[in-house]
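Right, one structure below, let's go through it.
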DNA sequence: CTGAAAGCGCTTACAG
DNA sequence: CTGAAAGCGCTTACAG
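Below you can see the structure in the form of structure tokens.
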């Protein structure tokens, strides 16, 4: 056997990573002092603290989250549960969550879960209780699920839902702006003078789809030209659905002069349907999307759409969650989701009567 | 004070979640037996095992990962470190990782980290050692970084890099098919009879960009019509870059009859440049992309492209990582990344001499 | 301001 | 086949 080098036998024995006790021994103090220093707590003399800090830096010592967690009950982990609606939505949301986590020491654990999964509750329970997460953010339509509340309450884990309406108490909600955004879209079309207006909605089983439709209807009704139900086609938020819905709408004898699609993917599909039908956009058809994801500015002409603050909502979700954590019950003013914005690009034009109505 | 209900005082005291000891007490065994049952280990009588299992199911007991982790040194967490190149790439990769993790009990911790971050090493070290991750997968260009190896070796944490070439030993690599894919694109253009061929490359600081360019060059050279350097424009993988590069290429006196863009985003940009210039695609210009992300089939005409098995690569990365974990040193045959596929859609056409060269 | 000790919820040699 | 006990790496009353 090779001779041991003269390294202190009590240190670095296991896997090259030292423990709090190792640091304590090196500093000639009890591990409690090291713990206090690590956590920035008072109770250690200046000189001792400096010595300990130097040792920590020198050895690159990082306390183990799971040992801290076992002792304190914290996990230093926050979960993100979602069903995948759209890559860009997800990445943007995730980015917002990470914005909020930045500098907090919490890491983000990702857990896709479909509401239709036969073992929905079991899987969620196992995920959350196995890691004893400090909190969970639910985004996309899984956030609307009614099974969340009893389960998470039973598990006693704080959570926040990012959903289209206040599906939960304020401390557990980040409320979307789907309705307001759709109102903007409706007002825009009305202002352009459109009367015969079509809509491609999302799947009505989704709250987001219902809110967007309601907001849109509300704007048209307020302007005195209520939405014509025969001009509404339900899609599933995909490009293909938009394409088909667009074709159906444009095939009508008295086709609409403008179409609002409940997301950009479908709006791009409508645009393509128009182009295939030989219609010039926006002269012969105005198209408005929703979300302002990248596809909106990658199609030709670029889509007028409504920008939704998805990333900000993710950030908000974490702030809300951490507020609960720290027991800051007295949140000064409730945090509001930023407002949606109409982004007018190249698919908007004033209404012209379609030549030869019926 | 309210009277206690007659619940066993020793159970359910803390936060409604019981511990292994609680189950042991209820079953009248030592917690060791419960541990054996939980882990599916032998050493417990059938009758006892059944009794324990029933209790576990009844109370929905789930062992705490961090206590198990502290005792065994495992974290039940795998990290994914990446820099965000493109939402669809990321989500697809992440999906592949989750495919591999399914049923293993490991959770995925997400950690975006830019190579240019001033504290790159420090942040990575802290992330990995704080949670003592069981393994880390690096994807996107951060996987190419040369600082990974010394750091992770020091931390003694297994990892796998998903990169365009074998930047590491086989046990730590999932090797991309960028070069092979680009060869397919080149052969396709050659077969169509194109000679004056342009390329929009990715940023040459990325391995993926260099590989794609090399593969493309290789195919053209093999066909006897080497790539003309003056017809290569470097982009940064964005739509905008493709648009500009496309404009530059099409402005040339003797413009190319076909352009290969190193990803779909840029190809969509090239397509738009062609359309703006009044060129008919594919009759006057053939455009080929790379990746086969959704944008490829959402533009009009739909892009011919090369499908890269991103999700499969993510899956592979986890399999490779877990193989290392379980010390399965004798991997039968090395796992190979599935081959890329040429997907011919609507932007491919045979070459015709551009009218009026020069 | 500091130490010695118990405890967080598991696993695992060590004895029977 | 099963128990009692030590230990994983932290935190935190409890004494000085």
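Protein chains in written order, with the UniProt record's numbering: chain H, 1 to 358; chain Y, 1 to 358.
The beta-carbon is built from N, C-alpha and C at its ideal position, and this holds for glycine as well.
Q: Would you check if there are 3 or more beta carbon pairs closer than 8 Å linking the stretch 94-108 of chain Y to the stretch 122-131 of chain Y?
A: no
(Q) Give the list of continuous beta strand (DSSP E) stretches no shorter than 3 residues that lie fully inside the stretch 278-328 of chain Y. (A) 286-288, 305-307
Q. The stretch 125-147 of chain Y: which residues have C-beta closer than 8 Å to a C-beta of chain H, in chain order?
A. 125, 126, 127, 129, 130, 131, 132
Q. From residue 103 (chain Y) to residue 76 (chain Y), what distance separates their C-alpha atoms?
A. Within the second chain, numbered from 1, the residue matching residue 103 (chain Y) stands at position 103. Within the second chain, numbered from 1, the residue matching residue 76 (chain Y) stands at position 76. Using only the alpha carbons, I get a separation of about 12 Å.
**Q.** Contacting residues, own chain, Cβ-Cβ under 8 Å from residue 114 (chain Y) (five flanking each side not counted)
**A.** Translated into positions along the second chain, residue 114 (chain Y) becomes position 114. Excluding sequence neighbours, residue 114 (chain Y) sits near 83, 120, 142.
(Q) Counting C-beta neighbours from all protein chains within 10 Å, is the total for residue 229 (chain Y) 16 or more, i.e. buried, or is it exposed? (A) Start at 1 with the first residue of the second chain, and residue 229 (chain Y) comes out as number 229. Exposed, since its Cβ has fewer than 16 Cβ neighbours within 10 Å.
Q) For the candidate residues H:146, H:131, H:186, whose alpha-carbon lies nearest to that of residue 217 (chain H)? A) Within the first chain, the letter at position 217 stands for residue 217 (chain H). Taking only the C-alpha atoms, the option nearest residue 217 (chain H) is H:186.
Q. Touch check for the stretch 139-156 of chain Y and the stretch 281-301 of chain Y: three-plus C-beta pairs under 8 Å?
A. no
Q | Bounding residues of the alpha helix (DSSP H) (the contiguous stretch that carries residue 89 (chain H)) | A | Residue numbering aside, residue 89 (chain H) sits at position 89 when the first chain is read from its first letter. From DSSP, the alpha helix (DSSP H) with residue 89 (chain H) extends over 87-101.
Q: Return no unless some Cβ of chain H is closer than 8 Å to the Cβ of residue 107 (chain Y).
A: For this step, residue 107 (chain Y) is matched to residue 107 along the second chain. Yes, residue 107 (chain Y) lies at the interface with chain H (some Cβ there is under 8 Å from its Cβ).
Q: Quick one: using the 10 Å Cβ neighbour count with 16 as the cut-off for buried, is residue 349 (chain Y) buried or exposed?
A: In the second chain, counting from the first residue as 1, residue 349 (chain Y) sits at position 349. So residue 349 (chain Y) counts as buried.
Q.
If we require 4 or more residues per run, which alpha helix (DSSP H) segments fall completely within the stretch 188-261 of chain H?
A. 207-222, 239-251
Q: Within 10 angstroms of the Cβ of residue 169 (chain Y), are there 16 or more other Cβ atoms? Answer buried if so, exposed if not.
A: Looking up residue 169 (chain Y) in the second chain gives position 169. Label assigned to residue 169 (chain Y): exposed.
Q: Taking residue 165 (chain Y) as the reference, give the member of Y:290, Y:205, Y:175, Y:116 with the closest Cα.
A: Translated into the one-based positions of the second chain, residue 165 (chain Y) becomes position 165. Looking at the Cα atoms, Y:175 is the closest of the given residues.
Q. To the nearest angstrom, how far is it from the Cα of residue 22 (chain Y) to the Cα of residue 34 (chain H)?
A. On the second chain, position 22 is the one that residue 22 (chain Y) refers to. On the first chain, position 34 is the one that residue 34 (chain H) refers to. Roughly 33 Å between the two C-alpha positions.
Q) For residue 146 (chain H), which of H:112, H:45, H:207 has the nearest alpha-carbon? A) Position 146 of the first chain holds residue 146 (chain H). The option with the nearest alpha carbon to residue 146 (chain H) is H:207.
**Q.** Burial state of residue 285 (chain Y), where buried means 16 or more other Cβ atoms lie within 10 Å
**A.** The residue labelled residue 285 (chain Y) in the question sits at position 285 within the second chain. Classification for residue 285 (chain Y): buried.
Q: Can you tell me which of the three DSSP states residue 166 (chain Y) falls into?
A: In the second chain, the residue the question calls residue 166 (chain Y) occupies position 166. Residue state, collapsed to three classes: coil.
Q: Could you tell me the distance, in whole angstroms, from the CA atom of residue 87 (chain Y) to the CA atom of residue 88 (chain H)?
A: Within the second chain, numbered from 1, the residue matching residue 87 (chain Y) stands at position 87. Within the first chain, numbered from 1, the residue matching residue 88 (chain H) stands at position 88. Roughly 5 Å separates the two Cα atoms.
**Q.** Option nearest residue 39 (chain H) by Cα separation, candidates H:278, H:52, H:107
**A.** The sequence position of residue 39 (chain H) within the first chain is 39, counting from 1. Minimum Cα distance to residue 39 (chain H) is reached at H:52.
Q: May I ask you to verify whether the stretch 253-271 of chain H touches the stretch 269-286 of chain Y, counting CB pairs closer than 8 Å and requiring at least 3?
A: no
Q | Inter-residue spacing [alpha-carbon to alpha-carbon] between residue 233 (chain Y) and residue 178 (chain Y) | A | Numbered from 1 along the second chain, position 233 holds the residue referred to as residue 233 (chain Y). Numbered from 1 along the second chain, position 178 holds the residue referred to as residue 178 (chain Y). Whole-angstrom Cα-Cα distance: 18 Å.
Q. Nearest to residue 197 (chain H) by CA position, among H:259, H:203, H:243, H:237, is which residue?
A. Taking the first residue of the first chain as 1, we reach residue 197 (chain H) at position 197. Closest option to residue 197 (chain H), Cα to Cα, is H:259.
Q) Which residues, taken in chain order from the UniProt domain "HTH lacI-type" (18-72) of chain H, show a beta carbon closer than 8 Å to some beta carbon of chain Y? A) 60, 62, 63, 64, 65, 66, 67, 69, 70
Q: Helix, strand or coil for residue 346 (chain Y), going by three-state DSSP, please let me know.
A: Your numbering for residue 346 (chain Y) matches position 346 in the second chain. Residue 346 (chain Y): coil per DSSP, three-state reduction.
Q: Could you tell me whether the Cβ atoms of residue 133 (chain Y) and residue 160 (chain Y) are closer together than 8 Å?
A: In the second chain, the residue the question calls residue 133 (chain Y) occupies position 133. In the second chain, the residue the question calls residue 160 (chain Y) occupies position 160. Not closer than 8 Å, so no.
Q: Would you mind working out which of Y:293, Y:172, Y:280, Y:18 sits nearest residue 316 (chain Y), comparing C-alpha positions?
A: As a working mapping, residue 316 (chain Y) is identified with position 316 in the second chain. The shortest C-alpha separation from residue 316 (chain Y) is found at Y:172.
Q | Residues of its chain near residue 346 (chain H), where Cβ-Cβ distance is below 6 Å and the 5 sequence neighbours each way are ignored | A | In the first chain, residue 346 (chain H) corresponds to position 346, counting from 1. Excluding residues within five positions, the ones whose Cβ falls inside 6 Å are 301, 302.
Q.
Taking the straight line between their C-alpha atoms, what separation do you get for residue 118 (chain Y) and residue 112 (chain Y)?
A. In the second chain, counting from the first residue as 1, residue 118 (chain Y) sits at position 118. In the second chain, counting from the first residue as 1, residue 112 (chain Y) sits at position 112. Between residue 118 (chain Y) and residue 112 (chain Y), the C-alpha separation is close to 14 Å.
Q) Under a Cβ-count criterion, where at least 16 other Cβ atoms within 10 Å of its own Cβ denotes burial, should residue 37 (chain H) be classed as buried or exposed? A) If you number the first chain from 1, residue 37 (chain H) lands on position 37. It is buried - the Cβ of residue 37 (chain H) has at least 16 other Cβ atoms within 10 Å.
Q.
Relative to the C-alpha of residue 268 (chain Y), which candidate in Y:149, Y:297, Y:278, Y:202 has its C-alpha closest?
A. Taking the first residue of the second chain as 1, we reach residue 268 (chain Y) at position 268. Ranking the options by Cα distance to residue 268 (chain Y), first place goes to Y:297.
Q. Are any of the Cβ atoms in chain Y nearer than 8 Å to that of residue 338 (chain H)?
A. The residue given as residue 338 (chain H) occupies position 338 in the first chain. No, residue 338 (chain H) does not count as interfacial toward chain Y.
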